[in-house]
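Protein chains: 2
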Amino acid sequence: MDIKKKQKIVKKWFVELQNIICKSIEQLEKEYGSKKKFKSNKWKHGNFRIIEGEVFEKGGVAFSNVIGKFPKNFAKGIPGTKNNNKFWSSGVSVVLHPKNPHVPAMHFNTRFICTKKSWFGGGMDLTPCISDNNQKKNYHKELKKLCDSHNKKYYIKYKKWCDKYFYLPHRKEARGIGGIFFDYKMENWKKDFLLVKDVGITFIYLLKKITQKKMFLKWSKKEKDIQLLKRGRYVEFNLLYDRGTKFGLNSGGNPKAILMSMPPNAKWK
Amino acid sequence: MDIKKKQKIVKKWFVELQNIICKSIEQLEKEYGSKKKFKSNKWKHGNFRIIEGEVFEKGGVAFSNVIGKFPKNFAKGIPGTKNNNKFWSSGVSVVLHPKNPHVPAMHFNTRFICTKKSWFGGGMDLTPCISDNNQKKNYHKELKKLCDSHNKKYYIKYKKWCDKYFYLPHRKEARGIGGIFFDYKMENWKKDFLLVKDVGITFIYLLKKITQKKMFLKWSKKEKDIQLLKRGRYVEFNLLYDRGTKFGLNSGGNPKAILMSMPPNAKWK
């Protein structure tokens, strides 16, 4: 299949995925008794949707499709950019900051990037404020199941990659309890795309399960404060280390779309 | 005078300056009817003091004295590091986040850095949440007076430098209303040191004047919200662009001392 065809198919999936994720989140709001809906913000490279809900104090679900050129410095180490910095990319990324400190912050992303080569990347990870070993165990069990159904080697590899990526060296702290993360996936387009679709669907399943289990729990002021401090770490990670954020801001992207991932509020001690 | 002697004299001034600044801030708290005092945090490279007050929701005043080596990448472009990355530095830096949105956030820093060469750097700038043209005019008038008493060319130069430095390109926004900023000042040690002392003293004068004028003003929820959003920009600047923050975190500095500049809380829309 030629690359144009692949891009068309992948893009169509990402558009659809954004819709399903938004619907699922609005459904969770409804179950909670809230009528809050997403607001859509179109711009030249896509469409980012923000909800300010009762369950999700702030949630962002972005679809993007960018055709551009990597800045020279950034292109170093990116496959297929030796003689040409041009790229095509499309993806969906999600960051959810729930109001209830018992519900963890959730992050998900899948993307397809084309230079002279083309590959998939993505993953998801969880950032609880209040530790819950059962939740951690179940989350990783589901991710292992997902990975194992594609390749028995994936889970360990992608879990490690996630732990390494979502780490704050200056704090010597992990951002959360990890998840899976992969990049430069270009073994077999059909199989890789199946994995990417499965990651998206599993995210929706986990998002619902985790939220439904905890969204009605009561919380104390102290627990809310723990959440706000944890959100401060989230901000530090995104602005200091996140590659996507750095790339987007340095290449003149839309700051509102890029910084959609910021929490609604945060605290520092 | 040999460099050791200069370092001793400068360091003594910075220790003293930290004390005077903290006393002035505690005095402002007292005038407001608060008994809040600074807490001192000693670590191997200095002493940072934090106040969580009634006037200053969070204020940090740090004295530091670091002897170390610049990382290779960072050393590029720094004078006197051609054959040797070692440095000696000492300085005082201040970031004040007032509770009242009518009182602007204030930033000040002066430092002395020695490699094979040695120079002073520093400045101050103001970040109001609610614009006040009179305040802006007066602030710059005082800074011009200060600069002019040393050299008629300084004010324009240092004002421009400040505007250029405290700018958020991704937002296309200035951080605040500017001030003065200078670096690599190594014309004449005695005169440069006089300027640095004068910048410190003027900061204390302005800090008092600006705070006293506004600390008793009433504010609305809307004004508090504007402040929290503005603090979000402050966070973005510090984590994305500030050279000191980047250098400190990358070189294994104490994150609590370096991130002392973070606001107590912030919001993103």
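Residue numbers (this note's numbering), protein chains in the order written: chain G, 1 to 269; chain S, 1001 to 1269. All C-beta atoms in this analysis are idealised placements derived from N, C-alpha and C, irrespective of residue type, glycine included. All values derive from a computational prediction rather than experimental measurement.
Residues of the region 1086–1117 of chain S with a C-beta atom less than 7 Å from some C-beta of chain G do not occur.
Contact annotation: Glu1052 of chain S and Lys1058 of chain S have beta-carbon atoms nearer than 7 Å.
Inclusion of Leu1207 of chain S and Met1106 of chain S in the CB contact set at 7 Å is warranted, their separation being smaller than that value. In the DSSP annotation of this structure, the continuous segment of the beta strand (DSSP E) that includes Ser1064 of chain S starts and ends at 1056–1069. In the DSSP assignment, Gly1232 of chain S falls within the unbroken alpha helix (DSSP H) covering 1221–1240. The Cβ of Arg1243 of chain S sits no closer than 7 Å to any Cβ of chain G. At a C-beta separation below 8 Å, Asn1265 of chain S has these neighbours in chain G: Leu228, Asn265, Ala266, Lys267, Trp268. Excluding residues up to 5 positions away in sequence, Tyr154, Tyr155, Tyr158, Ile180 lie with their Cβ nearer than 7 Å to the Cβ of Cys147 of chain G in the same chain. Collapsing the DSSP output to three states places Trp1043 of chain S in a strand.
For Asp1125 of chain S, the pairing in a beta bridge is given by DSSP as S:His1107, S:Gly1179. Using beta-carbon distances, Pro1079 of chain S does not count as an interface residue toward chain G, since no partner is under 7 Å. The CB of Arg49 of chain G never comes closer than 7 Å to any CB in chain S; the least such distance is about 14 Å. For Lys1086 of chain S, the enclosing beta strand (DSSP E) stretches over residues 1086–1098. Neighbours of Glu236 of chain G in chain S, taken as residues whose beta carbon is under 7 Å from its own, are Leu1239 in chain order. Taking a cut-off of 8 Å on C-beta distances, the region 1016–1023 of chain S does not touch the region 1232–1239 of chain S, as fewer than three cross pairs fall below it.
For Ile130 of chain G, the secondary structure class from DSSP, reduced to helix, strand or coil, is coil. Under the Cβ criterion of 7 Å, Arg1171 of chain S is counted among the residues facing chain G. Taking a Cβ-Cβ cut-off of 8 Å, Pro71 of chain G has no neighbours in chain S, whose nearest Cβ is about 13 Å from it. Of all C-beta pairs linking the region 119–132 of chain G to the region 219–229 of chain G, three or more are shorter than 8 Å, placing the two stretches in contact. Scanning S:Gly1176, S:Ser1261, S:Lys1072 for the CA closest to the CA of Gly1060 of chain S turns up S:Ser1261. Distance from the Cα of Asp183 of chain G is smallest, within the candidate group G:Asn85, G:Val196, G:Gly176, G:Glu173, for G:Val196. Closer than 7 Å to the CB of Met215 of chain G there is not a single CB belonging to chain S. Contact of Met262 of chain G with chain S by beta-carbon distance below 8 Å involves Gly1232, Trp1268. When G:Ser118, G:Ile67, G:Phe203 are compared, the shortest CA-CA separation from Asn109 of chain G is found for G:Phe203. Secondary structure of Lys218 of chain G (DSSP, three-state): coil.
Chain-ordered, the chain G residues with CB closer than 7 Å to the CB of Pro1255 of chain S read His170, Arg171. Check the Cα spacing between Glu1054 of chain S and each of S:Asn1047, S:Phe1038, S:Lys1069, S:Gly1068: the tightest is with S:Phe1038.
Phe48 of chain G has its alpha-carbon roughly 24 Å from the corresponding atom of Lys4 of chain G. The bridge partners DSSP lists for Lys1160 of chain S come to none. Contact check for Ile113 of chain G and Gly121 of chain G: beta-carbon distance about 7 Å, within the 8 Å limit, so the pair qualifies. If you ignore the 5 residues before and after Phe1074 of chain S, its C-beta comes within less than 8 Å of the C-beta of Phe1247, Asn1250, Ser1251, all in its own chain and listed in chain order.
The DSSP-derived three-state label of Lys1153 of chain S is coil. Remark: C-beta atoms of Phe1014 of chain S and Ser1090 of chain S approach each other more closely than 7 Å.
The alpha-carbon separation between Asn1133 of chain S and Ile1177 of chain S amounts to approximately 10 Å.
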